[in-house]
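If you want it as structure tokens, here you go:
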């Protein structure tokens, strides 16, 4: 009887053990996965993501600009100024939640630092940096979506720096303000994003 | 054995004598531009011939300050215009300093140059580091919404190539090369803001830009280049056959900023100045005129002619 009872109880007990084992194993696997840090995106992924954000922004810019008179039709300073400010206001409103790092993600900042490190440590590094810092004292505070400070000259962007950075579309430009790199919408004259001090001292 | 090789050696020698440029289908580099200028301070300046049908233009840079001195130089330009009807004014950048509100365009450009604008003189802008990019849409600067562009002069076989030296993206350099290559004009004149040759203590020569631009200027027969940025007037001794001018003396002024270098053919850094230029055939005549109306430099440049 006992054997007979034992025999009939065995499958049920085994199933329970297996089930418990699977549950515990699953939980452990989940915990281990959660505790393991995510591998950072590769530089290629970072560039692809940056370009995608730029593409989305350019699409937004074009959509908003289409609601205004064409720039080419402008001529007087009043018209240029009016349209530029109107475009800036539309973009600011559409990007009301914009914050530092939207474009210059940690991966992008690392890329920028790598590029600058390589270019500036080369034989022409000193000349290139002098060119960037020419009339470029910087400003104490930068604000996303605000107009480029009119009292600050535009920094020169040597081709050695522009070439290795991801190509920009539309009216966007990279510029330095002091040792920080900014992303500028030149048509709306607003700052879309900026980094910390990426240019070595 | 000895007799087998002389014909081959002779053939090799003939091939070596053929210029490489001919083999590659590239025209041989043009000869140097020649400059004739008064050799002493007391010598009379070279007179502008003021011929009918010649191209007459003025060069102005770093001017948009709305200061009394900008207005005085502008008045001198208007006075000079009464006797020398220049068709155009080329602007080498820093057209407006500081704010660029509508009232700034008026105070820093439209008011001082009103007599010239009213007379139909056309201004062609290049952007400097102090200029907002939206200036390219400002009609009186005739940039057609472009940051870099070229235009044919109304007289003579002259083409101007206008560059954006603050942001020399590869597309711009490619564009310049193609534009220079495609141009069959006798005179190819390039202007932009940052000088690639300058004796300025504050800025000086932009060596990186020189590396990029100079080979194209040499290859495609540019005769003359104008820039600003350094706040004085300087004529550079011909470099690789090309004559460079710094004309950043339109409003801002860096008194005593011209360092003693071997580059300078003539420097003037004690007052504001503009240039009046006339091209007639293969000759370019120039006078540099100070705010009080004195001719502080003058000369004749013979264009580079392909060899």
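Residue numbers (our numbering), protein chains in the order written: chain A, 287 to 487; chain B, 724 to 1030. Even for Gly, the Cβ is constructed at its ideal location relative to N, Cα and C.
Using a Cβ-Cβ cut-off of 7 Å (strictly less than) and excluding sequence neighbours within five positions of residue i, which residues of its own chain qualify?
i, result
"residue 341 (chain A)", "455"
"residue 936 (chain B)", "919"
"residue 940 (chain B)", "913, 948, 965"
"residue 442 (chain A)", "417, 418, 420"
"residue 880 (chain B)", "908, 909, 910"
"residue 866 (chain B)", "848, 859, 872"
"residue 432 (chain A)", "476, 477"
"residue 790 (chain B)", "974"
"residue 395 (chain A)", "481, 484"
"residue 933 (chain B)", "919"
Count the other CB atoms, across all protein chains shown, that sit within 10 Å of the CB of residue i; report buried if there are 16 or more and exposed otherwise.
i, result
"residue 765 (chain B)", "exposed"
"residue 744 (chain B)", "Low per-residue confidence applies at residue 744 (chain B): pLDDT is 36, beneath 50, and the placement is therefore not dependable, though the value from the model is reported in the following sentence. Result: exposed."
"residue 483 (chain A)", "exposed"
"residue 486 (chain A)", "exposed"
"residue 748 (chain B)", "Reliability fails at residue 748 (chain B), whose pLDDT of 40 lies under 50, so the model's placement of it is uncertain and the value that follows must be treated cautiously. When all chains shown are included, residue 748 (chain B) counts as exposed."
"residue 429 (chain A)", "exposed"
"residue 1027 (chain B)", "buried"
"residue 882 (chain B)", "buried"
"residue 858 (chain B)", "buried"
"residue 893 (chain B)", "exposed"
"residue 306 (chain A)", "exposed"
"residue 969 (chain B)", "buried"
"residue 353 (chain A)", "exposed"
"residue 931 (chain B)", "buried"
"residue 367 (chain A)", "buried"
"residue 873 (chain B)", "buried"
"residue 1011 (chain B)", "buried"
"residue 856 (chain B)", "buried"
"residue 363 (chain A)", "buried"
"residue 471 (chain A)", "buried"
"residue 938 (chain B)", "exposed"
"residue 1000 (chain B)", "buried"
"residue 823 (chain B)", "buried"
"residue 916 (chain B)", "buried"
"residue 927 (chain B)", "buried"
"residue 753 (chain B)", "buried"
Check the C-beta distance from residue i over to residue j and give it rounded, since I have them as a contact under 8 Å.
i, j, result
"residue 476 (chain A)", "residue 377 (chain A)", "6 Å"
"residue 843 (chain B)", "residue 951 (chain B)", "Contact doesn't hold; Cβ gap of about 24 Å is too wide."
"residue 820 (chain B)", "residue 853 (chain B)", "5 Å"
"residue 772 (chain B)", "residue 1008 (chain B)", "6 Å"
"residue 769 (chain B)", "residue 1024 (chain B)", "That belief does not hold up - the Cβ atoms of residue 769 (chain B) and residue 1024 (chain B) are roughly 10 Å apart, past 8 Å."
"residue 1015 (chain B)", "residue 994 (chain B)", "7 Å"
"residue 462 (chain A)", "residue 422 (chain A)", "6 Å"
"residue 452 (chain A)", "residue 337 (chain A)", "6 Å"
"residue 997 (chain B)", "residue 796 (chain B)", "6 Å"
Is the distance from the Cβ of residue i to the Cβ of residue j below 9 Å?
i, j, result
"residue 924 (chain B)", "residue 982 (chain B)", "yes"
"residue 332 (chain A)", "residue 402 (chain A)", "no"
"residue 458 (chain A)", "residue 344 (chain A)", "yes"
"residue 788 (chain B)", "residue 1030 (chain B)", "no"
"residue 991 (chain B)", "residue 1003 (chain B)", "no"
"residue 851 (chain B)", "residue 785 (chain B)", "yes"
"residue 489 (chain A)", "residue 383 (chain A)", "Any question about residue 489 (chain A) goes unanswered here, given that chain A covers just 287 to 487."
"residue 361 (chain A)", "residue 845 (chain B)", "no"
"residue 835 (chain B)", "residue 798 (chain B)", "yes"
"residue 837 (chain B)", "residue 793 (chain B)", "no"
"residue 424 (chain A)", "residue 465 (chain A)", "yes"
"residue 989 (chain B)", "residue 1018 (chain B)", "no"
"residue 957 (chain B)", "residue 921 (chain B)", "yes"
"residue 888 (chain B)", "residue 756 (chain B)", "no"
"residue 355 (chain A)", "residue 370 (chain A)", "no"
"residue 840 (chain B)", "residue 804 (chain B)", "no"
"residue 408 (chain A)", "residue 474 (chain A)", "no"
"residue 346 (chain A)", "residue 381 (chain A)", "yes"
If I measure Cβ to Cβ from residue i and keep anything under 6 Å in the same chain, skipping five residues before and after, which residues do I get?
i, result
"residue 750 (chain B)", "With a pLDDT of 47 at residue 750 (chain B), under the threshold of 50, the predicted position of this residue should be treated as unreliable, and no value is reported."
"residue 444 (chain A)", "414, 417"
"residue 875 (chain B)", "882"
"residue 828 (chain B)", "none"
"residue 800 (chain B)", "997"
Closer than 8 Å by C-beta to residue i: which residues in its own chain qualify, once you throw out the five before and the five after it? Chain order, please.
i, result
"residue 943 (chain B)", "900, 903, 904, 906, 911"
"residue 877 (chain B)", "778, 810, 811"
"residue 327 (chain A)", "335, 393"
"residue 980 (chain B)", "923, 924, 925, 953, 954, 955, 992"
"residue 1047 (chain B)", "Chain B is shown from 724 up to 1030; residue 1047 (chain B) falls before or after that span and cannot be answered."
"residue 372 (chain A)", "354"
"residue 688 (chain B)", "No statement about residue 688 (chain B) is possible, as the shown extent of chain B runs from 724 to 1030 and does not include it."
Of all Cβ atoms in chain C, is any one closer than 9 Å to the Cβ of residue i?
i, result
"residue 430 (chain A)", "This model lacks chain C altogether; the protein chains it does include are A and B."
Practice problem: Could I get the ranges of all uninterrupted beta strand (DSSP E) runs contained in the region 822-904 of chain B, with 3 residues as the minimum, in chain order? | Solution: As far as the region 822-904 of chain B is concerned, its whole beta strand (DSSP E) runs of at least 3 residues are 845-848, 872-875, 881-885.
Exercise. Entirely within the region 408-454 of chain A and at least 4 residues each: give me those alpha helix (DSSP H) ranges in chain order.
Key: Counting only runs of 4 or more, we get 411-419, 445-448.
Self-check item: Contained alpha helix (DSSP H) runs [length at least 4] in the region 777-819 of chain B, N- to C-terminal order
Solution: Given a length threshold of 4 residues, each whole run of the alpha helix (DSSP H) inside the region 777-819 of chain B is given here in chain order: 791-806.
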